[in-house]
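Asker: Right, I'll just put the structure down here and ask away after.
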Amino acid sequence: MNFDDVKAKYRRKNKILFSRESLCLQELIALICKQKHRTIVMWILQWANQTADILNKRYPDEERFNNAIVQSTRWAMGKIKMPIAKKAILDCHKVAKEIDDPIDIALCHAIGQACSSVHVETHAIGFVFYDLTALVLELGIDNFEAAASNKIEQYINTLKLWESEIDNYSGPWASFLLNDNKINKELLIANKKADK
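If you're matching positions, the sequence shown starts at 4 in this note's numbering and goes up one per residue.
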């Protein structure tokens, strides 16, 4: 995989090292563009839970990571409305301002992005940007490539699994997630980029 843009962003001291233009993410982004909204939600909340498990070990008294995931899941199920979930998501992002470790800051933002994917699909890739940034910061710019390649493959494989299983998952779902005729917003971004 090509990580030249990531290395360039690292040298420029960017806080987020991945973007929609990252060559290493093009296969994943193309796959995201083909998904139903609820497929993306299930996929990315699974990853958010794994990330929360990491942060829970480091911050055992902090409840905002899990609360954001719980409230976003309830929102996706139609049990609560957006404002309650939005507050929990913003509270999760606030944790990033209260801690000093850049790895954990990125992971907090990753969870917030994942939870926001209930609102719109485009936030799911935000999780990936932050999660992979945390990985680079943890392993170092000279040692991250194999682990990042592996993680990107895991993202792809788990998304394909959810793609194949989503119609077997009965929910419950919020009504706005049941509209499969709605255009995938990540696809809209990709199409605009292609038109330029």
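In this text, a Cβ means the ideal position worked out from N, Cα and C, and glycines have one as well.
Within this structure, are the beta carbons of E124 and I43 separated by less than 8 Å?
Answerer: For E124 and I43, yes; Cβs fall inside 8 Å.
Asker: Could you name the residues of the same chain whose beta carbon sits closer than 7 Å to that of P105, not counting the 5 residues immediately before and after it, in chain order?
Answerer: Cβ neighbours of P105 beyond the five flanking positions: L140.
Asker: Should Y172 go down as buried or exposed, given a rule of 16 or more other Cβ atoms within 10 Å for buried?
Answerer: That one is exposed.
Asker: Q38 by DSSP, collapsed to three states: which one?
Answerer: In this structure, Q38 counts as coil in the three-state DSSP scheme.
Asker: Tell me whether E65 sits in a helix, a strand or coil according to DSSP, three-state version.
Answerer: Reduced to three states, the DSSP call for E65 is coil.
Asker: Could you check how far apart the C-beta atoms of N187 and C36 are, in whole angstroms? I think they sit under 8 Å.
Answerer: Between C36 and N187 the Cβ distance is about 6 Å, and since that is below 8 Å, they are a contact.
Asker: Quick check: the segment 151 to 165 against the segment 79 to 97, are at least 3 beta-carbon pairs closer than 8 Å?
Answerer: Verdict: no, contact absent.
Asker: Give me the residue from I114, K90, E30 and Q157 with the minimum Cα distance to N59.
Answerer: Nearest C-alpha to N59: I114.
Asker: Report the option in S167, N52 and I87 whose CA atom is closest to the CA atom of L110.
Answerer: Taking only the C-alpha atoms, the option nearest L110 is N52.
Asker: Note down the Cα distance separating E148 from W50, rounded to an integer number of angstroms.
Answerer: Taking the straight line from one Cα to the other gives about 20 Å.
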